[in-house]
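K.L.:
Residue numbers are given in full-length UniProt numbering: position 135 of the sequence shown equals residue 135, and the series is strictly consecutive.
Ideal Cβ placement from N, Cα and C applies to all residues, glycine included.
Keep in mind it's a predicted model, so treat the numbers as computed, not measured.
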Amino acid sequence: MTLIQLKNLSVKIGQKQVLRNIDLDIPEGSVTAIVGPSGSGKTTLLRTLNLLQVPSEGTIEVDGVLATANHISKDTTRKIRDKSTMVFQQFNLFKNLTALGNVMSPLIYNKIAKFDEAEKIAQQTLANLGLEQIADQYPVTLSGGQQQRVSIARALVSKPKVVLFDEPTSALDPELVASVLNTIATLALQNITMVIVTHEIEFARQIANQAIFVEDGAIVAQGDAKTLLSAEGDGRVSAFVNSLDNRAHIEAFQ
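Written out as structure tokens, the structure reads:
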């Protein structure tokens with residue numbers, strides 16, 4: 001079943017054409033990796049899925065909610081954002097709240113659950129990610145990897161249809177990257193629909209069902225992740241893959 005569908009999607013910011021003629025289907029329960037050189041439009045594409053960036057042309061459909069460029073109401077925006085959530089490069093945790101308080105916050109703010117129920121749901125979400133031991137700690141006391149994993153827990157707590165990751169390890173020291181990648185890989189094994197912008201090519205090869213290669217604002221290649229992201233061959237994607245040196249160790253897939 002197709003969960004997200006983009007048709008003829010284009011984004012123009014000022015005089016710059018950032019995305020053009022994007023057609024993409026994302027099946028429910030799949031992992032889609034978005035790769036490509038810096039400045040190619042990857043993050044803009046991801047943000048458009050959540051309507052943090054409004055398209056100039058085309059349509060976005062998320063779990064039956066259709067948004068058409070130039071005719072996107074506040075109600076449509078709210079409905080799409082209810083179905084999707086983003087994990088950003090920066091952790092964006094509330095400094096005055098504990099890890100538990102941060103994870104509870106979407107449930108309270110969006111009136112999904114009252115305090116006691118929200119606390120129980122948040123505690124279970126942290127436990128599912130192996131973070132129960134830091135529930136009472138504040139962000140300043142946590143490592144970058146722990147903070148990003150808390151932000152992932154916060155994204156998951158309201159059970160969205162799709163989780164969008166924007167280079168979730170780019171702000172981390174190298175020794176902290178593996179813990180975050182393993183957390184995401186565990187989610188992939190649970191058939192949680194995810195779209196991930198990443199430069200961690202080996203990671204994408206291991207967990208993604210499909211990959212798309214974006215360059216100059218367009219999808220220039222897409223297909224099975226293991227095949228498309230192969231370092232073998234003479235094509236543009238292989239040349240890009242060979243330019244990167246990362247071989248993430250993903251314990252969940254060992």
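#1: So, do the region 76-90 and the region 145-161 have three or more beta carbon pairs nearer to each other than 8 Å?
#2: Could you tell me which of 187, 217, 215 and 219 sits nearest to residue 207, measuring between CA atoms?
#3: Keeping to the same chain, check which residues put their C-beta closer than 6 Å to that of residue 144; ignore five residues upstream and five downstream.
#4: Taking C-alpha atoms, which residue in 49, 203 and 157 lies nearest to residue 179?
#5: Name, in chain order, the residues that DSSP records as bridge partners for residue 27.
#6: Name the DSSP beta bridge partners of residue 165, please?
#7: How close, in whole Å, do the beta carbons of residue 196 and residue 67 come, if the pair is a contact with beta carbons under 8 Å?
#8: Kindly indicate the opening and closing residues of the alpha helix (DSSP H) around residue 101.
#9: Would you mind working out which of 10, 238 and 92 sits nearest residue 140, comparing C-alpha positions?
#10: Within the same chain, show all residues whose beta-carbon is closer than 7 Å to that of residue 192, passing over the 5 residues directly before and after it, in chain order.
#11: For residue 21, count neighbouring Cβ atoms within 10 angstroms of its own Cβ and tell me buried if that reaches 16, exposed if not.
#12: Determine whether the beta carbon atoms of residue 11 and residue 48 lie at a separation below 8 Å.
#13: Going by DSSP in three states, residue 223 sits in which element: helix, strand or coil?
#14: Should residue 166 go down as buried or exposed, given a rule of 16 or more other Cβ atoms within 10 Å for buried?
#15: Just to confirm before moving on: does the CB-CB distance between residue 239 and residue 35 stay below 8 Å?
#16: Among 137, 13, 126 and 225, whose alpha-carbon lies nearest the alpha-carbon of residue 156?
#17: If you run the structure through DSSP and keep just helix, strand and coil, what is residue 181?
#18: Report the option in 76, 113, 129 and 82 whose CA atom is closest to the CA atom of residue 99.
#19: Pick helix, strand or coil for residue 58, following the three-state DSSP scheme.
#20: For residue 213, which beta-bridge partners are listed by DSSP?
#21: Could you work out which residue in 95, 158, 80 and 124 is closest to residue 110 when comparing CA atoms only?
#22: Note down the Cα distance separating residue 228 from residue 113, rounded to an integer number of angstroms.
#23: Relative to the C-alpha of residue 78, which candidate in 152, 7, 160 and 116 has its C-alpha closest?
#24: By the DSSP assignment, the alpha helix (DSSP H) with residue 150 in it spans what residues?
#25: Nearest CA to the CA of residue 18: which residue from 63, 44 and 59?
P.N.:
Considering the structure as presented:
#1: Taking 8 Å as the limit for Cβ pairs, the verdict is that the region 145-161 does touch the region 76-90.
#2: Comparing Cα positions, the closest option is 187.
#3: Correct list, in chain order: 172 and 176.
#4: Out of 49, 203 and 157, 203 has the C-alpha closest to the C-alpha of residue 179.
#5: DSSP lists 2 as partners of residue 27.
#6: Residue 165 is bridged to 87 and 196.
#7: The beta carbons of residue 196 and residue 67 sit about 22 Å from each other, so the pair does not count as a contact at 8 Å.
#8: Taken as a continuous stretch (DSSP letters only), the alpha helix (DSSP H) holding residue 101 covers 99-109.
#9: Here the closest residue by C-alpha is 92.
#10: Excluding sequence neighbours, residue 192 sits near 163.
#11: By the neighbour-count rule (16 or more Cβ atoms within 10 Å), residue 21 is not buried but exposed.
#12: By the CB criterion at 8 Å, residue 11 and residue 48 fall inside the cutoff.
#13: In the three-state reduction of the DSSP assignment, residue 223 falls in the strand class.
#14: Residue environment: residue 166 is assigned as buried (16 or more neighbouring CB atoms within 10 Å of its CB, all protein chains considered).
#15: For the pair residue 239 and residue 35, the CB atoms are not nearer than the 8 Å cut-off.
#16: By alpha-carbon distance to residue 156, the top candidate from 137, 13, 126 and 225 is 126.
#17: Note: residue 181 maps to helix in three-state DSSP.
#18: Looking at the Cα atoms, 129 is the closest of the given residues.
#19: Residue state, collapsed to three classes: strand.
#20: Per DSSP, the beta-bridge partners of residue 213 are 35 and 221.
#21: Measuring from the Cα of residue 110, the nearest candidate turns out to be 158.
#22: Those two C-alpha atoms are separated by around 42 Å.
#23: Minimum Cα distance to residue 78 is reached at 160.
#24: Per DSSP, the unbroken alpha helix (DSSP H) holding residue 150 starts and ends at 144-156.
#25: Out of 63, 44 and 59, 44 has the C-alpha closest to the C-alpha of residue 18.
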